[in-house]
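Below is one structure; the comments refer to it alone.
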Amino acid sequence: MTNYSHTLVIVACLLFAGCAAQSASDPKMVPPQSQYDSVITDNNGNLLSINGLAKQLAPADVVVIGEYHGHHGAHLLQSLVQSALYQRRPQQVLSMEQFTLNEQPELDRYLAGQTGEEELIADTDAWPNYKASYRPLIEFSRNRNIPVIAANAPADIVRCIGRTGADYLERLDKEQRRQLPEAPFVDTPGYRKKFLDTLGGSHGTGHDQTDNSERLENSYKAQLLRDNTMADRVIRALEEHPGHQVIHLTGTFHSEHRLGMVAVLEKKRPDLEVAVVSPVFWHSGDDLDSLLEANRGKGDFLYFLRPLPEQYKDSERHREAIMEQFRNAPELSCD
């Protein structure tokens, strides 16, 4: 069998056929061959098909699928898992970071057939990759009357907390505040460290260091509001739809290592069975055994993807692109 033919067999096996689990050390194991392919394992390194993954996920109350935003393979896996889980547990709810809770009415109108897709995109300010990445999940849900939850905190509130701090919540009217979690900043030490390490910690001395620390703390509070709101919306969905399984989609930072929204969810509802599926990049030269060793614990299940192309090699063009985003950002008043 040629290497190309063997690759097609492996990909078909992993995605569709429900083939028996293999060992990660199997010499026939091949890495993902395109950005649509994924290699799926449990935490012990056993290879799984989509059907095999769904079988193990089926008992969970909540399935959290982390993603690299905009990665074709991540969004394909989410769609395949949704479909495979539906075959086992048709009482399903889809919860999405990609819509904010104040956009729920517009999302519901679309699901009810009262508006068209372009109206949904305009009315919810949907993410630019909606059609390529999230349309299949929404359409699968719409055609089967599966509830879809707009799970994220409103973007303007998140930005204002990031700019002015947690006290901004006191300026909201009663209805806005009522929609947000009663305890909006539930935290875990490991998540705080991860967040601050990712942003580079605090630098400088004196006044500069104080200002930087305050900005980091405000940014962290904004992050916590997102996580707490997503966890709160999942809990409400389970209360409103007893016996249903919730599939929650989110950026992997919010869920890997059971931190972020997963930690909040488990603090607020320790009785729930929560399964976490996390992505890992498989770079050229990597092997599965080493990747498993380095990433074990990121999720109950891992799926390995080829990296997307590097966006910029020219650092000045990268900086200019970032500045252009700031220049084009809508005006925001936090008064």
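The numbers in our numbering rise by one with no breaks, and the one at position 307 of the sequence shown is 583.
Here a beta-carbon is modelled for each residue, glycine too, at the ideal position from N, C-alpha and C.
The beta-bridge partner set that DSSP reports for T526 consists of G342. Boundaries around F577 are those of the beta strand (DSSP E), 577 to 581, since no alpha helix (DSSP H) includes it. Secondary structure of I422 (DSSP, three-state): coil. Under the three-state reduction of DSSP, E607 is assigned to coil, being neither helix nor strand.
The beta carbon of T391 sits closer than 8 Å to those of E382, R385, D399, all from its chain and outside the five residues before and after it, given in chain order.
Note that the C-beta distance between L501 and A427 is not below 8 Å. Here the segment 559 to 571 makes no contact with the segment 354 to 366; the two share fewer than three CB pairs at distances below 8 Å.
Taking 8 Å as the cut-off, the beta carbon of Q521 is found no closer than this to the beta carbon of V306.
For M372, the uninterrupted beta strand (DSSP E) segment begins and ends at 368 to 376. Excluding sequence positions up to five before and after K543, its CB lies within less than 7 Å of the CB of V462, all in the same chain and listed in chain order. Judged by DSSP secondary structure, S359 falls within the alpha helix (DSSP H) whose first and last residues are 348 to 364. Contact annotation, G527 with E343: C-beta distance approximately 6 Å; criterion of less than 8 Å satisfied. In the DSSP assignment, F557 falls within the unbroken beta strand (DSSP E) covering 550 to 557.
In the three-state reduction of the DSSP assignment, D547 falls in the coil class, being assigned neither a helical nor a strand state.
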